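A.B. asks: If you count the sequence shown from 1, you need to add 5 to reach the numbering used here. For each residue, glycine too, the CB sits at the ideal point set by N, CA and C. In this text the structure is predicted, and so the values were computed from the model without any measurement. To start, I am sharing the structure in question, which I have written as structure tokens.
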Amino acid sequence: MEHKRMITKIKNLGPKRFLNRMVGNDRGVVLVFALVLMLVLAIMGSSATMTSQVDLKISGNTKVIRTSFYVADGGIMMSPKVISRIITDRALPSASETPLLSYDDYAQAGEDPVLLKKIMGFAMDSDYQTNDANTTDISMDQGTLGNMDIDITRAATHYLSGGGVEFAAGTEGVGVGGAASAAIIYNLASRGTVGTPNKTTESDIVAQYRKVAGVAGGR
């Protein structure tokens, strides 16, 4: 008889009975469920916050990189205009004409500025490495908005086809000039710098500019 009673009690403690007891004790279940839910929400919130911070840093770095590239690209686009102006005037632009730009005007007594001599072909970069190593040809300093440094090197000079430069070219008839024009090749190196002194981003762009003598512009 006692054996049957024990079997009956064990049967009564089956899965359904256990589940009913758990559901019946609703206070403990609700508390545990609420704690688990709060833990899950806290983890999700922390993950979202970390993701937002990383996205903000990526966006900020992307903006700084693009800004430094645009500053360097602006130096490449501006250099041909300055070169053409110097060739035409045989002098560096005055401060009133280009107030935001600074030029390498290092010169010994009685000599023309270095940049003028380099563009006109009277001097090369190697002639001034000792005295002029820490300067750039053209620069613009706008603080945290961006700094621009441009180096200009006269690389070569070529005669252009289409004109008569040979002996007695003037006897070849109408349509052939007695002298052809020349193209001057300049190597341009522009650097854009953006940021604070302790945290800066730099972009370097190099290009070639072909200045055709006697013709406005170039490429």
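Using the Cβ count rule (16 or more neighbours within 10 Å means buried), how would you classify Val59?
C.D. replies: Answer is exposed; the Cβ neighbour count stays below 16.
A.B. asks: Check this for me: beta carbons of Glu207 and Thr201, under 7 Å apart or not?
C.D. replies: For Glu207 and Thr201, no; Cβs fall outside 7 Å.
A.B. asks: Between the alpha carbons of Lys62 and Pro118, how many angstroms are there, rounded?
C.D. replies: Rounded to the nearest angstrom, the two C-alpha atoms are 44 Å apart.
A.B. asks: Please state whether the Cβ-Cβ distance between Leu106 and Met49 is less than 7 Å.
C.D. replies: In this structure, Met49 does not lie closer than 7 Å to Leu106 by Cβ.
A.B. asks: Using DSSP bridges, identify the partner residues of Lys216.
C.D. replies: Lys216 is bridged to Ile189.
A.B. asks: If you drop the 5 nearest sequence neighbours on each side, which residues of the same chain put their C-beta closer than 6 Å to that of Phe74?
C.D. replies: Ser208, listed in sequence order.
A.B. asks: What does the alpha-carbon distance come out to for the pair Thr72 and Ala100?
C.D. replies: Approximately 26 Å between the Cα atoms of the pair.
A.B. asks: Is the beta carbon of Met153 sitting closer than 7 Å to the one on Gly80?
C.D. replies: Cβ distance < 7 Å, so Met153 and Gly80 count as in contact.
A.B. asks: Take the Cβ of Ala194 as the centre, count every other Cβ of all protein chains shown within 10 Å, and call the residue buried at 16 or more, exposed below.
C.D. replies: That one is buried.
A.B. asks: With distances taken from CA atoms, which of Ile143, Pro85, Ser57, Ser186 is nearest Tyr108?
C.D. replies: Closest option to Tyr108, Cα to Cα, is Ile143.
A.B. asks: How big is the Cα-Cα spacing for Leu121 and Ile157?
C.D. replies: The straight-line gap from Cα to Cα measures roughly 11 Å.
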